[in-house]
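Just so we're aligned, residue 544 is where the sequence shown starts under the working numbering, counting upward by one. Even glycine gets a Cβ: it sits at the ideal position worked out from N, Cα and C. Quick caveat, the model's predicted, so the values are computed rather than measured. One structure is given below, encoded as structure tokens.
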Amino acid sequence: MSAVLEVENLTIDLPPGADRAHAVEDVSFALKPEEILCIVGESGSGKSMTAQAVMGLLPPLVRISGGAVRLEGVDLLGRSEADLRDVRGRRVAMIFQEPMTALNPLMRVGDQIAEVLRFHGTGMDKAARRRRTAELLEAVGLPEPELLRHSYPFRLSGGQRQRVMIAMALALEPAVLIADEPTTALDVTTQAQILALIKKIQAERHMAVLFITHDFGVVAEIADRVAVMQHGRVVEIGPAEQVLNAPQHAYTRRLIAAVPKLIPPAPRPVDAAAIPVLAASGLVKTYAARGGGFFGRGRTVQAVKDVAFEIRRGETLGLVGESGSGKSTVGRLVVRLLDPDGGAVRVDGIDIAGLRRRALQPYRRRVQMVFQDPFASLNPRRKVGKIIADGPVAQGMKRAEAEAKARELLRLVGLDPGATERYPHEFSGGQRQRIGIARALALEPEILVADEPVSALDVSVQEQILALLDEIRVRLRLAMLFITHDLRVAAQICDRIAVMRRGEIVETGPTAELFAAPRHAYTRELLAAVPGRHWTAPSLQTPLSSSTFSPPPLAGEG
């Protein structure tokens, strides 16, 4: 069967001064009709740049210096912008990673889909475009399409926005669908729904799909064939079963070895009789919402309902659940970034939930937080040393002493102490997350709240950060509340897990027991939705453990 899309010896040059000469170098692959080819690799591997080259959407600072991109036998490189506009959407369409930035916030979603039909000259009148839009929204599984098409993107959930993007991509029934990390920002059940939807549509419409991801669980769930990219080159390509279970290239083997397993390691001893250092009881938080979803009705949302849990020194409690389950709100209540509407948060027996600012200050240093987004949580205008030192200075430490401590902390988290003189934008995502951990440790807390600290990171960097957190927990005997929607990650680092659904904890238990025999139907649903749950990464090297942790040098994560 001849290929519908052929990429042959594609080379894309980076501008002078970049960390390497080529974003993509001599890349070749073929995509057959009705096939799903996954391109997998870390950030900076060139996988998204390859997809942008196919679409003719490369940023202006890079240029194609060689190769060919043939769609149904026609080379797209060198074609005019007018020719490419006719091809985009009609013969090849793309689902972007972040639908909130890809959709126009000022246009109703129905109008955005109808615009695709109008722009490409389908000959449909307004009524026909409206009917076709409703059909597409229904085809991607969205409820009440006639109502939803009048909604603006900000009124929809992440999963709903991604479904709208898929509907737009399908509007003209293209031969090739490119999906660029379409499930990265989604929780596990929504991710499973989107993956199932893409597979269903691909089978029904006989499309070829080029699926870009860094998640090997997703690859195991959806791929027919796999291409692995590193530093702009394809280092391995083959059938999914072969690449996943018998990888040949050292880089592929390293990536697969870093995939967290759904099977928890042996449980660590925890003194169940010890007094909890953190105890929450009866926590309640209610928000007044403006506009209820796409219907636009005002309502109140009880984000947290009667939540209770305990954590002892040296123990990690995982808080898992879907987006909107209330887990991040719980984390913010614990560190008093939000004030609870009811309940107690006791640190060594003292309830800090109702303390005023002055009385709360001594407890600020005892409970610290590592935030989800290492890009947004660090002040871009301040040097790293000052960012880390600010907390101790606010608590009365002299600036020189605090900055010396910042250098020690950078060494602790595996970075060069000289990094104190650099700004956040000079670091990779993994390095920025290490800086965030150092900042949280600067006040020598007893309790660490880690809110999705690895969700934005590649699998190999994710493994390093998990090992770092676990090493620090052991070394400093911290109590840690680890918030995540990734059950594979939770399995590797958490001693116990509390499962949240719609603001309530529905099940709590030791990690191994909860994964082996979940009692609540929702927990079983979460576990069943984990992509690639039937695939277990082969044991290719030493698994994650705090005893084998060895932080990389500063230049190791770029």
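As assigned by DSSP and simplified to three states, the class of lysine 848: strand
Per-residue DSSP class, three states only, for glutamate 549: strand
Candidates Val956, Val659, Val1042 and Ala636: closest to glycine 867 by CA position: Val1042
Cβ contact (3+ pairs, closer than 8 angstroms) linking the stretch 638 to 648 and the stretch 616 to 625: no
Neighbourhood of aspartate 1001 by C-beta distance below 6 angstroms, restricted to the same chain and skipping five residues each side: Glu585, Ser586 and His757
Same chain only: Cβ atoms within 6 angstroms of methionine 685, ignoring 5 sequence neighbours per side: For clarity, residue 685 is leucine in the given sequence; the question names methionine instead. Only Leu691 and Arg706 meet the Cβ criterion.
DSSP state of arginine 975 mapped onto helix, strand, coil: helix
Three-way DSSP call (helix, strand, coil) for glutamate 641 in this model: coil
Threonine 676, buried or exposed, once every other Cβ within 10 Å from all chains shown has been counted against 16: buried
Neighbourhood of tyrosine 1065 by C-beta, 6 angstroms cutoff - its chain only, sequence neighbours within 5 removed: Arg1044 and Val1049
The stretch 723 to 737 / the stretch 692 to 699 touching (three or more Cβ pairs under 8 angstroms): no
Continuous alpha helix (DSSP H) stretch holding glycine 702: start and end: 701 to 713
Check whether valine 888 and alanine 896 have beta carbons under 8 angstroms apart: yes
Contiguous beta strand (DSSP E) assignments of at least 3 residues, all confined to the stretch 747 to 800: 751 to 756, 768 to 773 and 776 to 782
Contained alpha helix (DSSP H) runs [length at least 4] in the stretch 588 to 640, N- to C-terminal order: 590 to 598 and 624 to 630
7 angstroms Cβ shell around threonine 963 - same chain, five flanking residues per side excluded: Lys926, Val927, Gly928, Glu946, Ala949, Arg950 and Leu953
Start-to-end residues for the alpha helix (DSSP H) that takes in glycine 928: 927 to 937
Cβ-based neighbour list, valine 997, same chain, cut-off 7 angstroms, excluding 5 preceding and 5 following: Gln1005, Ile1008, Leu1009 and Val1032
Close-in-space but distant-in-sequence residues of the same chain around glycine 1101 (CB under 7 angstroms, 5 per side omitted): Low confidence applies here, because glycine 1101 scores a pLDDT of 37, under 50, leaving its location unreliable and the question unanswered by this model.
Three-state secondary structure assigned by DSSP to glutamate 1006: helix
Close beta carbons around valine 873, own chain, < 7 angstroms, minus the five adjacent residues each side: Leu826, Val847, Val850 and Leu862
Proximity to alanine 809 [Cα-Cα], best of Val570, Asp1038 and Pro1074: Asp1038
Inter-residue Cα distance where the pair is alanine 749 and alanine 718: Sequence inspection shows histidine at residue 749; the alanine mentioned does not correspond to that position. If I take the Cα positions, the gap works out to 8 angstroms.
Exposed unless 16 or more other CB atoms sit within 10 angstroms - verdict on phenylalanine 806: Checking the sequence, you will find isoleucine at residue 806 rather than phenylalanine. Isoleucine 806 should be labelled exposed.
Best match in Glu551, Ala1055 and Leu574 for proximity to valine 752 [C-alpha to C-alpha]: Leu574
Inter-residue Cα distance where the pair is lysine 742 and glycine 857: 43 angstroms
DSSP-derived helix/strand/coil call for glutamate 578: coil
Buried versus exposed, by CB contacts within 10 Å (16 or more), histidine 1077: exposed
Distance, leucine 876 Cα to arginine 1185 Cα: What is shown of the chain runs 544 to 1101, which leaves residue 1185 out entirely.
Limits of the unbroken alpha helix (DSSP H) element including proline 905: 900 to 907
Exposure of isoleucine 1036, with buried meaning 16 or more beta-carbon neighbours within 10 Å: buried
Alanine 932 versus alanine 985 - alpha carbon distance: 7 angstroms
One or two residues paired with aspartate 556 in a DSSP bridge: His565 and Arg606
Neighbour-count burial assignment, alanine 817, 16 or more Cβ in a 10 Å radius: exposed
Beta-carbon spacing of valine 762, valine 570 below 8 angstroms: no
Within 8 angstroms, strictly: CB atoms of valine 956 and methionine 912: no
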